[in-house]
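Q: Sequences listed follow chains Y and P, in order. Heads up: the first sequence at position 150 corresponds to 150 in our numbering, and the numbers run straight through without jumps. Heads up: the second sequence at position 26 corresponds to 26 in our numbering, and the numbers run straight through without jumps. Cβ atoms here follow ideal geometry from the backbone N, Cα and C, with glycine treated the same way.
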Amino acid sequence: MAYDIATIWAFIIAFAVFVYVVMDGFDLGLGILFPLFRAKRDRDVIMNSVAPVWDGNETWLVLGGGGLFAAFPLAYAVLMPALYTPIIAMLLGLAFRGVAFEFRWRTQRERNRWDVAFFLGSLVATLAQGVALGALLQGVHVEGRAYAGGWWDWLTPFSLLTGVALVIGYALLGANWLVMKTTGELRDTAYQLSRWLLLALLVAIVAVSAATPFLSYDYSQRWFAWPNVLATAQVPLAVAIVTALLLRALAQRRDYQPFLLTLCLFALSYAGLGISLWPYVVPRSITIWQAAAPENSQLFMLVGVAILVPIILTYTAWAYWVFRGKVDPESGYH
Amino acid sequence: MFESLDPVVLARLQFAFTVSFHIIFPAFSIGLASYLAVLEALWLWTKREVFINLFNYWMKIFAIAFGMGVVSGIVMSYQFGTNWAVFSDKTGPVLGPLMAYEVLTAFFLEAGFLGVMLFGLKLVGPRLHFLATLMVAIGTLTSAFWILSANSWMQTPTGYAVNDVGQFIAVDWFKLIFNPSFPYRLTHMVLAAYLTTALVVGSVGAYHLLSNTRQPGARMMFSMAMWMIAVVAPIQIFAGDAHGLNTLEHQPAKVMAMEGHYQSHPDGAPLILFGLPDQDAAVVRYALQIPKLSSLILKHSLDAPLAGLDTVPRENWPPVPITFWSFRVMVALGFLMLGLGVFSLWLRWRGQLFESRPLHRFALAMGPAGFIAVLAGWVTTETGRQPFTVFGLLRTVDSVSPLAAPAVATSLIAFILVYFAIFIAGVVYILRLMAHPPHPGEEGPRGDTPERAAGITPAPAIATRRFS
Chain Y
1 MAYDIATIWA
11 FIIAFAVFVY
21 VVMDGFDLGL
31 GILFPLFRAK
41 RDRDVIMNSV
51 APVWDGNETW
61 LVLGGGGLFA
71 AFPLAYAVLM
81 PALYTPIIAM
91 LLGLAFRGVA
101 FEFRWRTQRE
111 RNRWDVAFFL
121 GSLVATLAQG
131 VALGALLQGV
141 HVEGRAYAGG
151 WWDWLTPFSL
161 LTGVALVIGY
171 ALLGANWLVM
181 KTTGELRDTA
191 YQLSRWLLLA
201 LLVAIVAVSA
211 ATPFLSYDYS
221 QRWFAWPNVL
231 ATAQVPLAVA
241 IVTALLLRAL
251 AQRRDYQPFL
261 LTLCLFALSY
271 AGLGISLWPY
281 VVPRSITIWQ
291 AAAPENSQLF
301 MLVGVAILVP
311 IILTYTAWAY
321 WVFRGKVDPE
331 SGYH
Chain P
1 MFESLDPVVL
11 ARLQFAFTVS
21 FHIIFPAFSI
31 GLASYLAVLE
41 ALWLWTKREV
51 FINLFNYWMK
61 IFAIAFGMGV
71 VSGIVMSYQF
81 GTNWAVFSDK
91 TGPVLGPLMA
101 YEVLTAFFLE
111 AGFLGVMLFG
121 LKLVGPRLHF
131 LATLMVAIGT
141 LTSAFWILSA
151 NSWMQTPTGY
161 AVNDVGQFIA
171 VDWFKLIFNP
181 SFPYRLTHMV
191 LAAYLTTALV
201 VGSVGAYHLL
211 SNTRQPGARM
221 MFSMAMWMIA
231 VVAPIQIFAG
241 DAHGLNTLEH
251 QPAKVMAMEG
261 HYQSHPDGAP
271 LILFGLPDQD
281 AAVVRYALQI
291 PKLSSLILKH
301 SLDAPLAGLD
311 TVPRENWPPV
321 PITFWSFRVM
331 VALGFLMLGL
341 GVFSLWLRWR
351 GQLFESRPLH
361 RFALAMGPAG
371 FIAVLAGWVT
381 TETGRQPFTV
391 FGLLRTVDSV
401 SPLAAPAVAT
411 SLIAFILVYF
421 AIFIAGVVYI
431 LRLMAHPPHP
441 GEEGPRGDTP
451 ERAAGITPAP
461 AIATRRFS
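Okay, here's the thing in structure tokens:
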């Protein structure tokens with residue numbers, strides 16, 4: 001019984017983190033693309049396309065972190081010191097970016113400064129998240145119930161690679177969000193950006209996928225051993241199909257398809273990560289069952305999640321519905 | 001260069017800095033969210049334009065304060081793990097669920113409806129919009145419920161057991177959540193948030209009344225704020241006293257530190273008004289004291305014996321000077337607030353509420369008093385709990401992450417630099433908004449920017465069409 005709850009919680013946290021990645025992913029992506037749009041009007045439209053929802057997007061990060069603390073306290077206690085520097089960098093980046101949403105409307109003279117803060121904050125936060133992911137995959141040094149490595153262990157070529165890959169991925173999400181939410185020249189630019197970013201992302205996915213199995217024996221076993229490979233080979237195959245569909249959707253200048261297909265790409269990459277990691281929460285050191293909080297804690301929260309998450313998804317969907325459609329720069333000046 | 005520093009001290013400094021910075025914003029946004037809901041309700045009910053103008057005016061300020069609260073709050077949710085890993089491992093099973101419920105019941109509610117509240121009036125209409133405002137206000141209060149439950153459990157832990165790997169585990173969730181100090185702490189904090197907001201609103205109203213006593217928005221906000229202070233300040237003093245008695249019962253050493261009682265007083269303890277506590281010598285120097293009054297306040301009897309820190313092992317003493325002084329700052333400000341409330345009632349009765357310059361100057365000066373009192377209160381309760389993170393059970397020195405001092409020192413400096421840059425800018429923008437009085441047809445947060453969707457009428461037009 002205890003095993004089942006730990007597994008359920010692993011999926012809940014994985015779900016929260018995935019929702020965070022795709023939702024804050026596109027608005028962080030907008031920040032990363034910000035310098036490519038120089039006109040004030042374009043930047044205003046970009047900001048307005050996410051201003052009503054970014055705060056809700058970011059709350060999933062708190063649920064991911066808080067959920068880990070609550071359901072797998074040992075993993076939280078080991079991973080946070082291990083990923084200390086990237087996490088602090090992410091928090092500081094998010095701080096700059098978050099206040100920029102309000103501050104840039106409150107000043108004429110310093111608007112440029114907050115635009116830069118929005119860009120750099122988004123870039124640093126994304127890079128830090130990618131680096132943290134890479135550092136997690138390559139494993140952390142654990143002794144007893146604590147992190148036992150140094151405060152620079154996270155920094156390796158592999159973690160930098162995953163950092164850059166995530167920057168490209170979020171930028172692609174952001175570009176396709178703009179395809180969906182804007183019109184005119186802004187949208188044309190987004191189409192072009194999307195095509196280039198997609199190619200860059202493919203290179204990054206291949207590089208990360210090629211490097212991951214060589215991080216440890218477990219990963220290559222997991223991916224290449226017979227008959228596992230029959231199942232795992234479906235992941236790269238699906239990536240190829242989705243990429244082809246995405247290229248076609250971009251060529252046909254579809255509104256919604258590019259964004260939704262990018263979400264599929266993220267889901268596939270995420271599934272790949274899950275295949276590599278399962279059932280560890282700290283790779284090769286701590287499994288989800290070892291890290292699990294006592295059953296009554298996990299059960300107590302499970303009740304809340306079962307009741308509240310559907311409600312949250314409902315009103316979140318409603319908020320997106322209220323602000324649906326294209327952000328039109330022309331109709332509003334009065 | 002940081003090798004000689006103690007990572008525990010650095011981690012404590014970092015926590016104190018980030019949490020002090022953070023607490024200012026919830027204290028303000030809890031009260032302001034409720035104020036906005038009241039303003040919008042009054043607008044829907046009376047159809048008077050002054051209320052929607054005030055609503056839009058304060059909503060812009062709320063948006064900035066809320067944004068700063070969110071970004072500093074995200075830091076808090078990760079700080080437990082980064083700097084206090086052992087604490088996280090041990091308390092995760094009991095505190096984690098409380099915080100997870102805070103996220104599920106409060107943060108999502110606030111964030112989900114905030115967008116509609118800020119930008120959606122023209123899209124959803126006044127009634128649904130009021131629902132969004134109400135949800136944001138309820139979210140802020142729910143957040144206070146959970147976070148104060150978690151904090152109170154660290155002060156007065158009940159309903160738990162300890163398992164074989166040293167983790168606290170829940171035995172009785174109801175006892176754990178509604179632990180002995182929780183009702184007092186929650187009441188005290190929510191009242192503090194309302195007072196803080198009332199002081200800010202009253203101060204802005206007073207500022208504009210000083211230049212123009214006929215300004216309708218300024219009159220309305222000043223009058224509302226003065227009612228709030230007059231009613232809440234005395235209740236708060238009463239609640240604070242009850243909280244103090246509860247603390248005496250469960251955390252006597254904290255009260256001894258607040259009162260500066262290093263020595264026991266077998267036949268009636270004096271109230272030390274001022275003095276310089278000397279922790280090493282265990283005496284309060286230059287003490288100005290009123291005989292027997294401390295016993296009267298704490299035990300409701302002049303001659304009741306009162307134990308001092310000499311009954312507590314020295315290694316369990318809180319740092320008396322900080323607790324002693326922060327407590328006095330909070331209490332002094334509390335009585336000043338009471339004074340402002342009484343003064344305003346007297347002038348209101350005499351019909352001079354909007355004309356009295358001394359009252360307006362007093363109210364203006366009291367603008368930041370709530371923030372200072374809230375900070376001082378938190379310093380009192382948190383340093384009074386030392387040297388423990390979970391009172392009596394888990395020591396602060398045993399709670400920290402296995403981190404090198406340079407890592408913590410670097411991040412501390414980074415937090416200080418980033419937070420000050422953000423804080424100064426935010427305060428400047430808020431003050432700039434406050435410098436103008438609310439005017440007729442006050443616009444929402446994006447007054448100068450493109451709007452979406454053709455054919456939707458601006459809010460004032462909706463208001464006049466629906467209600468005229």
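Starting from P:A161, follow the beta strand (DSSP E) in both directions and report where the run begins and ends.
A: Y160 to V162
Q: According to DSSP, is P:H360 part of a helix, a strand, or is it coil?
A: helix
Q: Short check: CB of Y:G29 to CB of Y:L173, under 7 Å?
A: yes
Q: Is there a Cβ from chain Y that is less than 7 Å from the Cβ of P:M99?
A: yes
Q: At 4 residues or longer, and completely inside the stretch 23-108 of chain Y: list those alpha helix (DSSP H) runs for me, N to C.
A: 40-50, 54-71, 73-82 and 84-103
Q: Under 7 Å Cβ-Cβ, which residues of chain P neighbour Y:W154?
A: Correct list: empty, because the minimum Cβ distance to chain P is about 11 Å.
Q: Residues in the same chain with beta-carbon distance under 7 Å from Y:L161, minus the five sequence neighbours each way, listed in chain order, please.
A: G134, A207, V208 and A211
Q: At a CB distance below 7 Å, what residues from the stretch 402-413 of chain P approach chain Y? Give them in sequence order.
A: P402, L403, A404, A407 and S411
Q: Enumerated in chain order, which unbroken segments of the alpha helix (DSSP H) with a length of 4 residues or greater are wholly contained in the stretch 179-247 of chain P?
A: Fully enclosed alpha helix (DSSP H) runs of 4 or longer: 182-211.
Q: Under a Cβ-count criterion, where at least 16 other Cβ atoms within 10 Å of its own Cβ denotes burial, should Y:V303 be classed as buried or exposed?
A: With fewer than 16 other Cβ atoms within 10 Å, it is exposed.
Q: If we cut at 7 Å on Cβ distances, does P:M76 have a partner in chain Y?
A: no
Q: Measuring straight from C-alpha to C-alpha, what distance separates Y:G272 and Y:T243?
A: 16 Å
Q: Could you check what DSSP says for Y:Y147 in three-state terms: helix, strand or coil?
A: strand
Q: With P:A16 as the anchor, note down where its beta strand (DSSP E) starts and where it stops.
A: Per DSSP, P:A16 belongs to no beta strand (DSSP E); it is in the alpha helix (DSSP H), P7 to T46.
Q: Between Y:V99 and P:M221, which are expected to be in contact by the criterion C-beta below 8 Å, what is the C-beta distance as a whole number of angstroms?
A: About 26 Å; that fails the 8 Å criterion.
Q: My assumption, with CB atoms under 8 Å, is that P:A65 sits in contact with P:F113. Please give the rounded CB distance.
A: That pair is no contact at about 17 Å.
Q: Let me see if you follow: with CB-CB separation under 7 Å, is P:V390 close to chain Y or not?
A: no
Q: Can you tell me whether Y:T183 is helix, strand or coil according to DSSP?
A: Y:T183 falls in the coil class under three-state DSSP.
Q: What did DSSP end up calling P:H250 once you bin it into helix, strand or coil?
A: helix
Q: Measure from the alpha carbon of P:P438 to the alpha carbon of each residue in P:F17, P:A27, P:V38 and P:V50, then state which is nearest.
A: P:V50
Q: Can you tell me whether DSSP reads Y:R324 as helix, strand or coil?
A: Note: Y:R324 maps to coil in three-state DSSP.
Q: Considering only the beta carbon of each residue, do Y:V45 and Y:V327 sit closer than 7 Å?
A: It is a contact, given that the beta carbons lie within the stated cut-off.
Q: Chain P beta carbons: is any one of them nearer than 7 Å to that of Y:A319?
A: At least one chain P Cβ lies under 7 Å of Y:A319.
Q: Does the stretch 61-74 of chain Y come close enough to the stretch 386-398 of chain P to have 3 or more Cβ pairs within less than 8 Å?
A: no
Q: Going by beta-carbon coordinates alone, are P:T142 and P:E40 separated by less than 7 Å?
A: no
Q: Can you find a C-beta in chain Y that's less than 7 Å from the C-beta of P:W146?
A: no
Q: Note down, in chain order, every chain Y residue with its Cβ under 8 Å from the Cβ of P:L123.
A: V322 and F323
Q: From what residue to what residue does the beta strand (DSSP E) around P:L288 run?
A: Element bounds for P:L288: V283 to I290.
Q: Is P:A170 helix, strand or coil by DSSP?
A: DSSP places P:A170 within a strand segment (E or B) once states are collapsed to three.
Q: Can you give me the C-alpha to C-alpha distance between Y:V142 and P:A150, rounded to a whole angstrom?
A: Their Cα atoms are separated by approximately 29 Å.
Q: Given that a residue counts as buried once 16 or more other Cβ atoms are within 10 Å of its Cβ, and exposed if not, what is P:G426?
A: buried
Q: Give the residues from the stretch 274-304 of chain Y that approach chain P closer than 8 Å (Cβ to any Cβ), ordered along the chain.
A: A293, P294, N296, S297, F300, M301 and G304
Q: If Y:R145 sits next to Y:D218, beta carbons under 8 Å apart, how far is it from one beta carbon to the other, in whole angstroms?
A: That pair is no contact at about 22 Å.
Q: Comparing alpha-carbon positions, which option in P:Y57, P:G334 and P:A100 lies nearest Y:L299?
A: P:A100
Q: Pull out every residue of the stretch 303-336 of chain P whose Cβ sits closer than 7 Å to any Cβ of chain Y, in chain order.
A: Those would be none; no residue qualifies.
Q: Looking at the unbroken alpha helix (DSSP H) that takes in Y:L261, where does it start and where does it end?
A: Residues Q257 to L277.
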